[in-house]
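Student:
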Amino acid sequence: MKAESILKDKYKIKVVAPPVEIREGCDLAIEYDLVDEFGIKRLLENNNIKPLKFIPLNDYSLKPLELVKIKEVDGFILVRCGNMKITIDKEGNIVNISGGGCPDVPYLALKLKGRNIKDIKEEETPKNLGFTLCAYTLNKAFEKARELVMENKI
Numbered sequence: 071m072k073a074e075s076i077l078k079d080k081y082k083i084k085v086v087a088p089p090v091e092i093r094e095g096c097d098l099a100i101e102y103d104l105v106d107e108f109g110i111k112r113l114l115e116n117n118n119i120k121p122l123k124f125i126p127l128n129d130y131s132l133k134p135l136e137l138v139k140i141k142e143v144d145g146f147i148l149v150r151c152g153n154m155k156i157t158i159d160k161e162g163n164i165v166n167i168s169g170g171g172c173p174d175v176p177y178l179a180l181k182l183k184g185r186n187i188k189d190i191k192e193e194e195t196p197k198n199l200g201f202t203l204c205a206y207t208l209n210k211a212f213e214k215a216r217e218l219v220m221e222n223k224i
């Protein structure tokens, strides 16, 4: 999460789920252009971030997985990122928060459920309320759900 915040303004990166063949649990990966690798490694090192691995994807069957998935179920929109899910109705009301196993998930659900996603201020988003990987991935789902509502794509 820290690597993303450091790299996103300088490089074209994308947070993805690692391919199943190399996944080690609740991990995330950063996809980038190979030509940027040297600069990315240097920037991470200068910020005391030590990635577990750098893996070239020469084998295209090891394609990273999109983190955010959208599904309509009985008139509701479920947006999933990693193991975290946010479900909204067509007006943008948050009807459910689920998934993950982190200790802040119940708190996040309590703070967000029943509210309209359009009315939630920046300081009340999952990334600002939570402290875990679950809060991070819920925030990615939250951002996509809000985008869908704001752009009338649902």
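Just so you know, the sequence shown maps onto residues 71 to 224 in our numbering. C-beta atoms are modelled at their ideal positions from N, C-alpha and C, and glycine is treated no differently. Note that this is a predicted model, so its numbers are computed, not measured.
1. Tell me the rounded alpha-carbon separation between Pro88 and Ile110.
2. If you run the structure through DSSP and keep just helix, strand and coil, what is Tyr206?
3. If you compare alpha carbons, which of Tyr177, Phe124 and Gly184 is closest to Leu98?
4. Going along the chain, which residues of its own chain have a beta-carbon closer than 7 Å to the beta-carbon of Lys210, five neighbours each way excluded?
5. Let me check understanding here. Comparing Cα to Cα, which of Leu122, Ile76 and Glu221 lies closest to Leu114?
6. Val143: buried (16+ other C-beta within 10 angstroms of its C-beta) or exposed?
7. Tell whether a beta-carbon distance below 9 Å holds between Glu194 and Leu182.
8. Using beta-carbon positions only, say whether Leu178 and Gly200 come within less than 9 Å of one another.
9. Within 10 Å of its beta-carbon, does Leu148 have 16 or more other beta-carbons around it, so buried, or fewer, so exposed?
10. Going by the DSSP bridge assignment, what does Asn118 pair with across the sheet?
11. Which residues bound the alpha helix (DSSP H) around Asn198?
Tutor: To lay it out plainly:
1. As a first step, residue 88 is located in the sequence shown; it is residue number 18 there, counting from the start. As a first step, residue 110 is located in the sequence shown; it is residue number 40 there, counting from the start. Taking the straight line from one Cα to the other gives about 18 Å.
2. Start at 1 with the first residue of the sequence shown, and residue 206 comes out as number 136. Helix, per DSSP.
3. What you label residue 98 is simply residue 28 of the sequence shown in a count that begins at 1. Closest option to Leu98, Cα to Cα, is Phe124.
4. For the purposes of this step, residue 210 is identified with residue 140 of the sequence shown, where counting begins at 1. Leu137, Val138 and Cys151.
5. As a working mapping, residue 114 is identified with position 44 in the sequence shown. Per the Cα distances, Ile76.
6. In the sequence shown, counting from the first residue as 1, residue 143 sits at position 73. Answer is exposed; the Cβ neighbour count stays below 16.
7. Numbered from 1 along the sequence shown, position 124 holds the residue referred to as residue 194. Numbered from 1 along the sequence shown, position 112 holds the residue referred to as residue 182. A contact, by the Cβ cut-off of 9 Å.
8. The sequence position of residue 178 within the sequence shown is 108, counting from 1. The sequence position of residue 200 within the sequence shown is 130, counting from 1. Yes, the pair counts as a contact, with Cβ atoms nearer than the cut-off.
9. If you number the sequence shown from 1, residue 148 lands on position 78. Answer is buried; the Cβ neighbour count reaches 16.
10. Working through the sequence shown from its first residue, we reach residue 118 at position 48. Answer by DSSP bridge pairing: none, since Asn118 is not bridged.
11. Position 128 of the sequence shown, counted from the first residue, corresponds to residue 198. Segment Pro196 to Leu199, the alpha helix (DSSP H) holding Asn198.
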